[in-house]
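Number of protein chains: 2
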Amino acid sequence: MEKKVSESVINRLPRYYRYLDELIKEGVDRISSKTLSEKMGLTASQVRQDFNCFGGFGQQGYGYKVESLKESIGKILGIDRQRSAILIGAGNIGRAFALNITFEKRGFHLTGIFDNDPEKIGQTVGDIVVSDFEEVEKFIEENKPEMAIVAIPKAGVNQVVFRLKNAGIKAFLNFTHAEVEDAEDIVVENIHLGDSLMRLSYKMGEKI
Amino acid sequence: MEKKVSESVINRLPRYYRYLDELIKEGVDRISSKTLSEKMGLTASQVRQDFNCFGGFGQQGYGYKVESLKESIGKILGIDRQRSAILIGAGNIGRAFALNITFEKRGFHLTGIFDNDPEKIGQTVGDIVVSDFEEVEKFIEENKPEMAIVAIPKAGVNQVVFRLKNAGIKAFLNFTHAEVEDAEDIVVENIHLGDSLMRLSYKMGEKI
DNA sequence: GAAATTTTGTTACAAACTTTTAATATTTAA
DNA sequence: TTAAATATTAAAAGTTTGTAACAAAATTTC
Numbered sequence: 002m003e004k005k006v007s008e009s010v011i012n013r014l015p016r017y018y019r020y021l022d023e024l025i026k027e028g029v030d031r032i033s034s035k036t037l038s039e040k041m042g043l044t045a046s047q048v049r050q051d052f053n054c055f056g057g058f059g060q061q062g063y064g065y066k067v068e069s070l071k072e073s074i075g076k077i078l079g080i081d082r083q084r085s086a087i088l089i090g091a092g093n094i095g096r097a098f099a100l101n102i103t104f105e106k107r108g109f110h111l112t113g114i115f116d117n118d119p120e121k122i123g124q125t126v127g128d129i130v131v132s133d134f135e136e137v138e139k140f141i142e143e144n145k146p147e148m149a150i151v152a153i154p155k156a157g158v159n160q161v162v163f164r165l166k167n168a169g170i171k172a173f174l175n176f177t178h179a180e181v182e183d184a185e186d187i188v189v190e191n192i193h194l195g196d197s198l199m200r201l202s203y204k205m206g207e208k209i
Numbered sequence: 002m003e004k005k006v007s008e009s010v011i012n013r014l015p016r017y018y019r020y021l022d023e024l025i026k027e028g029v030d031r032i033s034s035k036t037l038s039e040k041m042g043l044t045a046s047q048v049r050q051d052f053n054c055f056g057g058f059g060q061q062g063y064g065y066k067v068e069s070l071k072e073s074i075g076k077i078l079g080i081d082r083q084r085s086a087i088l089i090g091a092g093n094i095g096r097a098f099a100l101n102i103t104f105e106k107r108g109f110h111l112t113g114i115f116d117n118d119p120e121k122i123g124q125t126v127g128d129i130v131v132s133d134f135e136e137v138e139k140f141i142e143e144n145k146p147e148m149a150i151v152a153i154p155k156a157g158v159n160q161v162v163f164r165l166k167n168a169g170i171k172a173f174l175n176f177t178h179a180e181v182e183d184a185e186d187i188v189v190e191n192i193h194l195g196d197s198l199m200r201l202s203y204k205m206g207e208k209i
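Keeping their order, the protein sequence lines are chains U and W.
Using my numbering, the letters of the first sequence map in sequence onto residues 2 to 209.
Using my numbering, the letters of the second sequence map in sequence onto residues 2 to 209.
Below, the structure is given as structure tokens:
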């Protein structure tokens with residue numbers, strides 16, 4: 002029964018989710034794979050096959066109910082839960098991310114922020130006070146966050162990740178230039194902003 | 002002769018580039034596909050095949066010269082140039098990106114920042130003064146930037162992109178939740194931070 | 001300087017992904 | 001009530017991507 006879903010499909014799921022959210026806001030309550038595919042720049046077959054990886058939520062002759070499709074995808078992504086997350090690094094990137102992304106709509110809520118810079122400790126970001134990173138182990142033990150966003154200078158990454166891992170963190174969102182490797186007992190999502198610049202540079206070279 | 006390089010390969014190039022940069026800093030001046038593959042979590046064949054898309058820079062029995070390989074990949078990515086870029090939106094994300102990413106190492110240099118919030122106009126970010134967005138067309142005409150980083154609220158995206166396109170901008174790095182579509186005459190790289198959160202959520206559901 | 005080893009570049013193979021095609025069910029309109 | 005149109009599902013074919021194996025070339029060792 003266990004059919005594994007390919008990474009390509011997973012990577013498309015958040016985008017489906019965003020589009021469906023838009024459709025709801027526009028008041029659309031039903032959509033066909035064809036219409037959705039046109040909106041998203043895919044083929045209708047691909048859309049259907051993507052959804053069918055998870056059992057198929059459509060109705061023949063009718064299409065997909067936008068609301069319930071969105072809900073289903075949300076459940077697949079696991080964002081109907083509210084997992085506890087902490088932010089390591091209250092610099093520009095960390096603060097920007099904390100203030101701009103609606104965690105609650107994406108499966109998480111932010112419960113703590115940590116930094117090792119005395120200037121930053123005690124400041125508030127949103128409604129959270131920045132704590133000393135030295136206290137992170139104690140915080141993790143008490144509050145059991147499952148995920149950590151790492152937004153610190155490259156040099157410190159290995160040690161920080163090591164300590165967080167030991168303290169029980171199971172998932173990492175990594176903004177640093179260092180690559181945090183996937184491992185048996187943890188999951189990692191790397192966000193390399195510099196790579197995006199380089200990719201854009203390549204595309205420009207091709208077309209412009 | 003024109004063999005098109007697949008997107009998968011392109012997406013790996015920035016990562017190669019980063020690793021090679023690290024190797025140089027470690028003082029390594031030569032490396033085999035096998036060693037590099039182990040460091041990057043790929044197979045040696047894939048590494049060789051990737052490089053061969055562009056002609057092959059190695060020497061049999063010896064391996065690859067780290068320095069010249071990095072240079073070659075840099076050229077492929079087009080980051081040996083210095084294209085002019087402007088930032089639209091001096092909010093948290095925009096400022097963080099402008100201050101944290103070394104544009105010069107990635108093919109660009111930042112020449113202007115624009116916002117429509119009177120509070121932000123006149124402020125400085127790094128060494129650049131934030132200008133009124135109403136003056137962006139004039140600026141583009143005079144300075145001919147080729148790329149724009151869009152880091153504004155979702156609602157304004159379409160209009161902003163429309164104006165920038167008309168003024169002559171050919172490439173967009175999009176941080177907003179709205180999807181900026183690739184088109185014939187422009188290239189786009191979307192960075193959806195929220196999607197990364199959702200992907201991480203999914204991976205956690207699988208493993209944890 | 002010759003033999004052995006290393007390592008690339010290339011070709012062939014396998015797996016993964018996407019698209020097409022055919023089949024089946026539902027809705028809508030006559 | 002019936003028939004046509006719509007749209008999903010399932011299966012097959014085609015394409016792309018990744019892996020493995022091998023031969024040619026260069027370096028290192030003896």
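Built from N, CA and C at the ideal position, the CB exists for glycine as well.
For ILE87 of chain U, the nearest beta carbon of chain W is not closer than 8 angstroms to its own beta carbon.
At least 8 angstroms separates the CB of ALA91 of chain U from every CB of chain W.
Any Cβ of chain U closer than 8 angstroms to the Cβ of PHE98 of chain W would place that residue at the interface, and such an atom is present. Close partners of PHE109 of chain W in chain U (Cβ separation under 8 angstroms): LEU198 and SER202. For the segment 6–18 of chain U, the residues whose beta carbon sits under 8 angstroms from a beta carbon of chain W are, in order, ILE11, ASN12, LEU14, PRO15, ARG16 and TYR18.
Contact note: ARG164 of chain U does not reach chain W at a C-beta cutoff of 9 angstroms; the least C-beta distance is about 19 angstroms. In this structure, DSSP gives GLY113 of chain U an extended state, which the three-state scheme calls strand. Residue pairing from DSSP places GLU190 of chain U in a beta bridge opposite U:LEU174. Boundaries of the alpha helix (DSSP H) harbouring SER38 of chain W: 34–41, taken from the DSSP string. For ILE209 of chain W, the nearest CB of chain U lies under 8 angstroms from its own CB, placing it at the interface with that chain.
Partner residues in a beta bridge of THR44 of chain W, as assigned by DSSP, do not exist. Listed in chain order, the non-local C-beta contacts of GLU138 of chain U below 6 angstroms within the same chain comprise ALA168, local neighbours out to five positions each way being set aside. Here GLN60 of chain U carries a strand assignment [DSSP, helix/strand/coil].
Taking 7 angstroms as the cut-off between beta carbons, none of the residues of the segment 122–146 of chain U comes near chain W.
Within chain U, the C-beta atoms nearer than 8 angstroms to that of LEU194 of chain W come from PHE98, ASN101, ILE102 and ILE192, in chain order. Bounds of the beta strand (DSSP E) holding ALA86 of chain U are 84–89. Proximity of chain W to ILE94 of chain U at the Cβ level (cut-off 7 angstroms) is accounted for by ALA97 and ASN101, in chain order.
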